[in-house]
Amino acid sequence: MKELLRTNDPTVIAFATALLDGEGIAAFQMDVHMSVLEGSLGILPRRLMVGDRDLFLARAILADNGIDTGL
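For what it's worth, numbering that gives the first Met the number 0 labels the leading residue of the sequence shown as 0, then goes sequentially.
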């Protein structure tokens, strides 16, 4: 699995996950429960992971929809 996106905004993660799901790309959210440890302040970013073979296509899908993946 490769990191596709890292953000503090849960709405971006939800939107990106929906876009990828619509294209048949499985995505896994990491660090979702870290907010419990940090006190729900939103300081620690969440990560969205995809399979190695889906990384290029997933980046293109997010870029086409205005989501910056940091690359």
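For every residue, glycine included, the Cβ atom is placed at its ideal position computed from N, Cα and C. Please read all numbers here as calculations on a predicted model, not as lab measurements.
Could you round the C-beta distance between Ile12 and Arg45 to whole angstroms and report it? I think they count as a contact, below 8 Å. The sequence position of residue 12 within the sequence shown is 13, counting from 1. The sequence position of residue 45 within the sequence shown is 46, counting from 1. Right, the Cβ-Cβ distance comes to about 5 Å (below 8 Å), so this counts as a contact.
Pick helix, strand or coil for Leu43, following the three-state DSSP scheme. Translated into the one-based positions of the sequence shown, residue 43 becomes position 44. Three-state DSSP puts Leu43 in coil, outside helix and strand.
Buried or exposed (CB count within 10 angstroms, at least 16 for buried), Leu61: Start at 1 with the first residue of the sequence shown, and residue 61 comes out as number 62. Classification for Leu61: buried.
May I ask you to report which of helix, strand or coil DSSP gives Val11? Locating residue 11 in the sequence shown gives position 12, where the first residue counts as 1. It is helical.
For the putative contact between Leu3 and Arg52, defined by C-beta atoms under 8 Å, what is the C-beta separation to the nearest angstrom? For this step, residue 3 is matched to residue 4 along the sequence shown. For this step, residue 52 is matched to residue 53 along the sequence shown. Actually they are not in contact, since the Cβ atoms of Leu3 and Arg52 sit about 13 Å apart, beyond 8 Å.
How close, in whole Å, do the beta carbons of Phe27 and Met48 come, if the pair is a contact with beta carbons under 8 Å? Position 28 of the sequence shown, counted from the first residue, corresponds to residue 27. Position 49 of the sequence shown, counted from the first residue, corresponds to residue 48. About 5 Å separates the two Cβ atoms, so the contact holds.
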